[in-house]
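Step one of this worksheet: look at the structure below.
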Amino acid sequence: MKIAGKEYRTIWYEDDVVKIIDQTKLPHKFIIKDLKTVKDAINAIKIMEVRGAPLIGGTAAYGIVLAVKENNDPLFIKKSSEDLINSRPTAINLKWAVDRMMKKLSGISSDKILNIASIEAKIICDEDEKFCKNIGLNGLKIIEEIYNKKKDTVNILTHCNAGWLATINWGTATSPIYHAHKKGIPIHIWVDETRPRNQGANLTSHELNEEEIPNTIIADNTGGILMQRGEVDMCIVGSDRTLSNGDVCNKIGTYLKALAAHDNNVPFYVALPSSTIDWDINDAKDIPIEERNSEELSHIEGIDENNEIKKVLIYPKKSKAMNLAFDVTPAKYVTGLITEKGISEASSDALKKMFR
Ligand code: MRU
Numbered sequence: 038m039k040i041a042g043k044e045y046r047t048i049w050y051e052d053d054v055v056k057i058i059d060q061t062k063l064p065h066k067f068i069i070k071d072l073k074t075v076k077d078a079i080n081a082i083k084i085m086e087v088r089g090a091p092l093i094g095g096t097a098a099y100g101i102v103l104a105v106k107e108n109n110d111p112l113f114i115k116k117s118s119e120d121l122i123n124s125r126p127t128a129i130n131l132k133w134a135v136d137r138m139m140k141k142l143s144g145i146s147s148d149k150i151l152n153i154a155s156i157e158a159k160i161i162c163d164e165d166e167k168f169c170k171n172i173g174l175n176g177l178k179i180i181e182e183i184y185n186k187k188k189d190t191v192n193i194l195t196h197c198n199a200g201w202l203a204t205i206n207w208g209t210a211t212s213p214i215y216h217a218h219k220k221g222i223p224i225h226i227w228v229d230e231t232r233p234r235n236q237g238a239n240l241t242s243h244e245l246n247e248e249e250i251p252n253t254i255i256a257d258n259t260g261g262i263l264m265q266r267g268e269v270d271m272c273i274v275g276s277d278r279t280l281s282n283g284d285v286c287n288k289i290g291t292y293l294k295a296l297a298a299h300d301n302n303v304p305f306y307v308a309l310p311s312s313t314i315d316w317d318i319n320d321a322k323d324i325p326i327e328e329r330n331s332e333e334l335s336h337i338e339g340i341d342e343n344n345e346i347k348k349v350l351i352y353p354k355k356s357k358a359m360n361l362a363f364d365v366t367p368a369k370y371v372t373g374l375i376t377e378k379g380i381s382e383a384s385s386d387a388l389k390k391m392f393r
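All the letters of the sequence shown, read from the start, carry residue numbers 38 to 393 under our numbering.
Structure follows, in structure tokens:
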């Protein structure tokens, strides 16, 4: 999708280095960074220069390529794969991508391994782009249906950034939105600010602006009253890990939005590629929920009058803060899962039928 009118993907391989867009500086500064070592890839995931489940997966795949390039030794590659998996715990796409890379490389002779790794990382990223595009085409049908009944602007609420910046391209939650916009359906997006890191305000609103899609940032607690007033036609969010029973783990605050949607009969959809499905964990309590530094809550970053990014403390110095990054929305509150293969009910039977 576009930034300043130019088409980008979020990650690419060029001149023997991995290139990423540093998302910690958006929307104020557009900086392309080079990842030259596997440590660079691990660090980019940890400090969230790249974030969003599918993009973390794509970065981890290229992290394996960088590891092979750095030291073509099986022990080093194995240790690097473990460090990559441990760099962020919740999004399953990370482990999925590393496992897929390691399986592909197993038994490959050392003279061929770099070439095979590079090809597989590119396939993982190309596949994600294709899946996200299909998620959009499938989700478009829901937006079209609402528009055909309403004959007026469709208001969609989204949480966090499940946009193209969180994937390789298109996004998950935003892909149906981009497709609807391209088709000329009038849409307006309510963008949850998404404290503490403000991925909604900083990334979702920014990417929608770049594509000229009408959107309004709201404080995270505003969705409820908008739904009570009939100003939300549907919600679409992304997912970091969806269990095979349809429970959805996503950015903190998603669960409360789903409860409000349920209480107000607003359809609540989750958009995800199959790489986000965890077929192993059966109980939501077993999902590792990332707890991040409380400084993400107590401090806030913005741009000053000299165009410099500044960070300031906003809490009392003595106050403690706690920063859980994700929550789980039980399947019963999910109207449907929009996947690359179609729209599935959030249930074991439906998911198995679609994917296994
Ligand atoms: O902490 P983040 O910014 O990596 O969290 C991202 C989300 O929660 C997204 O909604 C999710 O990864 C889906 S991305 C298509």
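Where is the CB? At the ideal position from N, CA and C, for every residue including glycine.
Query, Result
"Distance CB(I129)-CB(D386) smaller than 8 Å", "no"
"Whether E268 touches N192 by CB criterion (8 Å)", "yes"
"Simplified DSSP state of I129, which is helix, strand or coil", "helix"
"Collapsed DSSP secondary structure at M264 in the structure displayed", "helix"
"Cβ-Cβ distance between L103 and A78 below 8 Å", "yes"
"Cβ pair A308, S212 closer than 8 Å", "yes"
"Bounding residues of the alpha helix (DSSP H) (the contiguous stretch that carries E51)", "Not the alpha helix (DSSP H): E51 falls in the beta strand (DSSP E), residues I48 to E51."
"Endpoints, beta strand (DSSP E) assigned at T366", "F363 to T366"
"Alpha carbon of I68 to alpha carbon of D59, nearest angstrom", "6 Å"
"Close-in-space but distant-in-sequence residues of the same chain around I318 (CB under 7 Å, 5 per side omitted)", "L280 and I324"
"Y370 (DSSP reduced to helix, strand or coil)", "helix"
"Which residues DSSP lists as bridging T253, in chain order", "W227"
"Cβ shell of S147 (< 6 Å), same chain only, five flanking positions each side left out", "N109"
"Close-in-space but distant-in-sequence residues of the same chain around W46 (CB under 6 Å, 5 per side omitted)", "With the sequence shown as reference, residue 46 is identified as Arg, and Trp is not the correct amino acid for it. Counting only Cβ-Cβ distances below 6 Å, and skipping sequence neighbours, we find I205 and N206."
"Cα-Cα separation, S155 to I114", "14 Å"
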